[in-house]
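In my numbering, the protein residues as written are 83 to 250.
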């Protein structure tokens with residue numbers, strides 16, 4: 083599991099253009115942010131997410147509650163985390179203590195976020211949902227991301243990110 087930031091300024095990626103015509107992408111002039119918390123469920127091949135306005139310990143704990151609410155509770159939910167400050171805060175440690183029967187946090191080694199496959203998913207999500215586009219407002223951007231997440235969890239969708247490529 084991990085978190086990423088969605089900015090209103092367009093995400094720029096390489097794209098095809100007619101020779102001699104460079105694509106122009108306008109910008110809003112003012113940056114706005116939303117933050118997305120996500121966890122990949124290896125058993126169901128789904129990504130569970132929560133989009134928030136803030137990226138802090140309280141929002142992270144809300145996401146933990148969101149995960150626990152969706153879990154069957156038969157055995158502890160194992161979550162793999164990097165060493166981000168919100169994952170190690172006092173408030174988060176207290177939440178882990180309260181949820182100890184339901185959650186088992188496992189921390190990756192420091193500076194090894196590349197070991198977490200969801201890091202690659204964030205890049206894919208931004209490329210599919212919001213690359214090279216200016217949305218009229220932040221709500222439209224969030225709606226585009228939510229639609230891409232629905233497609234990600236549709237096992238028949240052609241635009242899905244294939245996590246299984248990164249198991250080996």
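Ideal placement from N, C-alpha and C gives every residue a C-beta, glycine not left out.
These numbers were taken from a predicted model, which means no experiment stands behind them.
- Cα atoms of residue 159 and residue 216: separation of roughly 38 Å, rounded to the nearest angstrom.
- Counting only unbroken stretches of 3 or more residues, the beta strand (DSSP E) elements lying wholly within the region 155 to 180 are 159 to 163, in sequence order.
- According to the DSSP assignment, residue 231 belongs to the alpha helix (DSSP H) that extends over 220 to 234.
- For residue 186, the uninterrupted beta strand (DSSP E) run begins and ends at 185 to 189, by DSSP.
- For the pair of segments examined, the region 87 to 98 was found to touch the region 108 to 121: the number of CB pairs separated by less than 8 Å reaches three.
- According to DSSP, residue 128 shares a beta bridge with 123.
- Counting C-beta pairs closer than 8 Å gives three or more between the region 137 to 150 and the region 166 to 183, which meets the contact rule.
- Counting along the chain, residue 201 sits inside the alpha helix (DSSP H) bounded by residues 200 to 211.
- Boundaries of the alpha helix (DSSP H) harbouring residue 139: 139 to 152, taken from the DSSP string.
- Contact fails between the region 93 to 102 and the region 119 to 133, because fewer than three Cβ pairs, one in each stretch, are under 8 Å apart.
- In terms of Cα proximity to residue 247, the closest of 208, 121 and 200 is 200.
- Taking the CA atoms as reference points, residue 187 sits about 32 Å from residue 221.
- Between the alpha carbons of residue 193 and residue 120 lies a distance of about 19 Å.
- Look at residue 195 here: in three-state DSSP terms it is helix.
- By the CB criterion at 8 Å, residue 117 and residue 105 fall outside the cutoff.
- About 7 Å separates the Cβ atoms of residue 153 and residue 184, confirming a contact at the 8 Å cut-off.
- At the C-beta level, residue 164 and residue 195 come within 8 Å of one another.
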